[in-house]
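Asker: Going line by line, the protein sequences match chains P and U.
Quick note: the first sequence uses this note's numbering, first residue 582, plus one each step.
Quick note: the second sequence uses this note's numbering, first residue 582, plus one each step.
Positions of the beta carbon are idealized from the N, C-alpha and C atoms, including for glycine.
Below is the structure I would like to discuss, written out as structure tokens.
2 protein chains.
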Amino acid sequence: MITASICTIGDEILIGQITDTNSAMISKQLNKIGIKVVSMVTCSDENNDILTTLERCLKTSDIVISTGGLGPTKDDITKKVLYTLSKSSRYTCNKTQMEINRRILSARGIEMMDLNLQQAYVPNRCTVIPNRCGTAPIMQFSFAKSRFNRKNLLFSMPGVPFETEQALPDVISSIKAHYKLDNILHHTVCTFGIPESQLAKRIEKWEDSLPENIHLAYLPNPILGVRLRLSIYGVDEKEGKKEIAKQIRSLKKLLGNAIYGEGETTPQKVLGEMLEKRGATLSTAESCTGGYIAHLLTQNPSASKFYKGGTVCYDNKVKTDLPGVKQMALEARKKFKTTYSIAASGIAESFWMAVATPFGTVSKNISSKSTRQINRERFSASAINLLRETILEEEENKKKQNKNK
Amino acid sequence: MITASICTIGDEILIGQITDTNSAMISKQLNKIGIKVVSMVTCSDENNDILTTLERCLKTSDIVISTGGLGPTKDDITKKVLYTLSKSSRYTCNKTQMEINRRILSARGIEMMDLNLQQAYVPNRCTVIPNRCGTAPIMQFSFAKSRFNRKNLLFSMPGVPFETEQALPDVISSIKAHYKLDNILHHTVCTFGIPESQLAKRIEKWEDSLPENIHLAYLPNPILGVRLRLSIYGVDEKEGKKEIAKQIRSLKKLLGNAIYGEGETTPQKVLGEMLEKRGATLSTAESCTGGYIAHLLTQNPSASKFYKGGTVCYDNKVKTDLPGVKQMALEARKKFKTTYSIAASGIAESFWMAVATPFGTVSKNISSKSTRQINRERFSASAINLLRETILEEEENKKKQNKNK
């Protein structure tokens, strides 16, 4: 199995000013193509520390991905270290990056112009992957087996998470072209509303009967629910997809509407898509969630197509019981003249939610013992999920009624 | 200088399922007492990997803090490794932790009872710092200089961030008792509304004239503004506090109301305190921020004392101009019968905010070119800050008028 180490460079991480989110992001992508990350390490911006750390990583893993230390100022010295490490003999200008840098700088204004232009110069032993969102190019180095006893690849990526994220697909492609990797397919099924332990019980038989080359992982999250990731190893793509599709059909029979989507999605995104598709509109009435349901719904850039607005009522007079929350939902639907509405109310760890539809209201009570923020996330997503399930159930009931006629 | 390494243990971090936030949290606290973190490393849950990583850390730094791998299930083997590493000869029961575990388990229900009780057993060579929020105690080991050529301290902490956070003060106390550390005092001054580069220019002369033993750091954040951290080294506490107080007085003259607080605070917390103190109330009217201002205000557990509620209007008909946002503020103030109101509107990167007070309305326009979420954070905090500054200015004007009478 091909192994990798991730090395984040920067004093700002070591002093705790910044939380390193790059390592997890990179690791997830490496994992997906079947590369095992064996270590993550953070080192300072000092020459010797970077060199020692990179060399150790090169000795213990096939691929090393470093991020950071590529800024234009003199405290960023990763490039200098890579020049030495790769035994380069001069710096060459990468014309693509130079063009990008000119464009970025003219858009930003001319501050630090010269230093930023110089970022397009790289050690001559490296291959450049252009950075389209920033001025520091991604540098790729190859090391012969004679050097660290492995055929290494080393990538140096910028430290700004957005730039790392944007450049990562190119790095992954380059890795795929360089190594013969096992085929791995991943597929995520997103569920909401069933706690992890109950979910595990409900799908126990199915899980036990999974073929040996399929691995199942549970990924719980207060906003996203419990996502189930299926990974299938060592099959060709077509066959793998067929097998996964088969397993997901079985899973859907077991979980029904608790499954809100597949792949990278969220309950609020799915609800938004459902509403848009139906030409329906939505309003909200919140108390204890303090605007967080509205915030989640409007994370969607096209939210204005279906979300009309909401109220946040934080007065102590708000009724935190079942009739109270039902009334909130009905009032919001009427006030904003929307097809649906979501209402949320509660105190401390007990939470009431209700949705109003053209056919009536549905309400539900849940509790959660966690931090204020996690409770807020879980409650808000639960209320959004209640509307999703209610819409589906109403449509199913309608279908049944039509059949019975 | 005493050095430290932070070692996070767990496959879930290596595969990118979880972002390690413990390292930054621990590092910040070590930094504050003058300990330099020289490396952060993440290793797998494998016996050999944990052992090698810990040994390397013990050789290169005085203090090693590990987190994770202490769960009750058999995949968590950190304790076993520490047993070997510390050359312990048996496991002993820590009675304090056993009591805590019984209490926690009886509150949670009896699932996994036996395994969780066993977590109170520790290698006999360790000193226990009880974990009051979880079932895995913090284990502290000392190593003589003969072992790794340093007088090492090793702490093994739980991986759950909340438990790590709660136990960290005890670990820091233990470190302080064990090493003779330089005195360092930190003080943070929180500013909002002046971009970092402009702020630096505005306080340039003051910064240049700072005594050599005072270090200044800029900490920018979309919600918190730019915080300035002053660190003063090697002085006794009383003298240091006096010196810092003097510097902050100078800083306040330069920055005035742009300073919203000191230490660990937020613009929304400060505004909340101001309103509570004045017995004043607040409402909101949001469009583009989609409920995020309400969310920030209600992060405050005592928000219901001053925040009465708000509206989120996400209809395309909302006017995203100056008269539009002023009207929104006036209407919210009237509707919710509050002393003050905050309104926010805008499209894409251009943002209008207005506040209504008993004396009129004040509005402001800003722009930000960032991601949707960062723009939302910056815009929301800016609107909150506008009300804070407006209240202060109105009070200052009133004072002046009274003087002139």
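Would you call the CB atoms of P:K907 and P:A924 closer than 9 angstroms?
Answerer: A contact, by the Cβ cut-off of 9 angstroms.
Asker: Select from the region 587-607 of chain U all residues with a C-beta closer than 9 angstroms to any C-beta belonging to chain P, and list them in chain order.
Answerer: Answer in chain order: I587, T589, I594, L595, I596, G597, Q598, I599, T600, D601, T602, S604, A605, M606 and I607.
Asker: Does U:R810 come out as helix, strand or coil in the three-state DSSP assignment?
Answerer: Residue state, collapsed to three classes: strand.
Asker: Considering only the alpha carbon of each residue, which of U:N802, U:S812 and U:G837 lies closest to U:E533?
Answerer: Shown here, chain U extends from 582 to 986; a query on residue 533 of chain U therefore has no answer.
Asker: Against P:S885, what residues of chain U qualify as contacts under a CB-to-CB distance less than 7 angstroms, listed in chain order?
Answerer: Per Cβ cutoff of 7 angstroms: Y895 and N897.
Asker: Using a Cβ cut-off of 9 angstroms (strictly closer), state whether U:N966 contacts chain P.
Answerer: No, no contact with chain P.
Asker: Does the beta carbon of P:N712 come closer than 9 angstroms to any beta carbon on chain U?
Answerer: No, P:N712 lies away from the interface with chain U (no Cβ there is under 9 angstroms from its Cβ).
Asker: Give me the DSSP bridge partner(s) of P:T938.
Answerer: Per DSSP, P:G941.
Asker: Go through its chain and collect everything with a Cβ distance to P:S931's Cβ below 6 angstroms, but skip five positions before and after it.
Answerer: Taken in chain order, the residues that qualify are S948.
Asker: Which residue or residues does DSSP assign as beta-bridge partners of U:M621?
Answerer: Paired residue(s): P:T623 and U:I587.
Asker: Taking P:S755 as part of the alpha helix (DSSP H), name the residues at either end of that continuous run.
Answerer: Unbroken alpha helix (DSSP H) run through P:S755: P742 to H759.
Asker: With 9 angstroms as the limit, tell me which residues of the region 762-791 of chain P have their beta carbon closer than that to any beta carbon of chain U; keep them in chain order.
Answerer: Residues S778.
Asker: Which residues of chain P have a Cβ atom closer than 9 angstroms to the Cβ of U:G624, listed in chain order?
Answerer: In the sequence under discussion, the amino acid at residue 624 of chain U is Cys, which differs from the Gly named in the question. Correct list: V619, S620 and M621.
Asker: Looking at chain P, which residues of the region 735-760 of chain U have a Cβ within less than 8 angstroms of any of its Cβ atoms?
Answerer: Result list: F743.
Asker: For U:K834, is the beta carbon positioned less than 8 angstroms from some heavy atom of the ligand GTP?
Answerer: Ligands displayed in this structure: none; no statement on the ligand GTP is therefore possible.
Asker: Less than 9 angstroms separating the beta-carbons of P:I658 and P:M738?
Answerer: Their beta carbons are not under 9 angstroms apart, which means P:I658 does not touch P:M738 by this criterion.
Asker: For P:A717, which beta-bridge partners are listed by DSSP?
Answerer: None, per the DSSP bridge assignment.
Asker: Is P:L852 helix, strand or coil by DSSP?
Answerer: Helix, per DSSP.
Asker: Keeping to the same chain, check which residues put their C-beta closer than 6 angstroms to that of U:S642; ignore five residues upstream and five downstream.
Answerer: Excluding sequence neighbours, U:S642 sits near T584, A585, S586 and V619.
Asker: Under 8 angstroms: do the region 863-872 of chain P and the region 852-860 of chain U share three or more Cβ pairs, one atom per stretch?
Answerer: In short, these stretches do not touch, since the Cβ pair count stays below three.
Asker: Does the region 746-756 of chain P come within contact of the region 800-815 of chain P, defined as at least 3 CB pairs closer than 8 angstroms?
Answerer: Touching, no.
Asker: State yes or no: is the C-beta of P:N712 within less than 9 angstroms of the C-beta of P:I681?
Answerer: Going by C-beta atoms, P:N712 is nearer than 9 angstroms to P:I681.
Asker: In three-state DSSP terms, what is P:T602?
Answerer: Looking at P:T602 - three-state DSSP - the assignment turns out to be coil, as it is neither helix nor strand.
Asker: Closer than 8 angstroms by beta-carbon distance: list the chain U residues that pair up with P:P882, in chain order.
Answerer: Those are R953, listed as they occur along chain U.
Asker: Would you call the region 597-617 of chain U and the region 589-597 of chain P touching, i.e. three or more CB-CB distances under 8 angstroms?
Answerer: Counting Cβ pairs under 8 angstroms, three or more are found: they touch.
Asker: Which residues of chain U have a Cβ atom closer than 7 angstroms to the Cβ of P:K907, listed in chain order?
Answerer: None at all; the shortest Cβ gap to chain U is about 19 angstroms.
Asker: How would you list, in chain order, the residues of chain P whose beta-carbon sits under 7 angstroms from the beta-carbon of U:A989?
Answerer: This structure cannot speak to residue 989 of chain U, because chain U is shown only from 582 to 986.
Asker: Given this structure, state the Cα-to-Cα distance separating U:S727 from U:V741, to the nearest angstrom.
Answerer: For U:S727 and U:V741, the distance between alpha carbons rounds to 33 angstroms.
Asker: DSSP three-state call for U:Y873: helix, strand or coil?
Answerer: Three-state DSSP puts U:Y873 in a helix.
Asker: What runs of the alpha helix (DSSP H), each 4 residues or longer, lie entirely inside the region 777-853 of chain U?
Answerer: Counting whole runs of 4 or more residues, the region 777-853 of chain U contains the alpha helix (DSSP H) stretches 777-783, 785-789 and 818-836.
Asker: Measure from the C-beta of P:Y672 to each C-beta in chain U and report whether the shortest distance is under 9 angstroms.
Answerer: Judged by the 9 angstroms Cβ criterion, P:Y672 is not in contact with chain U.
Asker: Enumerate in chain order the residues of its own chain whose CB-to-CB distance from P:F960 is below 6 angstroms, with the five nearest sequence positions on each side excluded.
Answerer: Answer for P:F960: T870 and F932, listed in chain order.
Asker: Name the one or two DSSP bridge partners that P:T892 has.
Answerer: DSSP output for P:T892 lists P:A866 and U:T892 as bridge partner(s).
Asker: First and last residue of the beta strand (DSSP E) that includes U:A924?
Answerer: Y921 to I928 is the extent of the beta strand (DSSP E) around U:A924.
Asker: Anything in chain P within Cβ reach of U:K609, meaning under 9 angstroms, just list it in chain order.
Answerer: Per Cβ cutoff of 9 angstroms: I596, G597 and Q598.
Asker: Buried or exposed for P:C674, please, with buried defined as at least 16 other CB atoms from any protein chain shown within 10 angstroms of its CB.
Answerer: By the neighbour-count rule (16 or more Cβ atoms within 10 Å), P:C674 is not buried but exposed.
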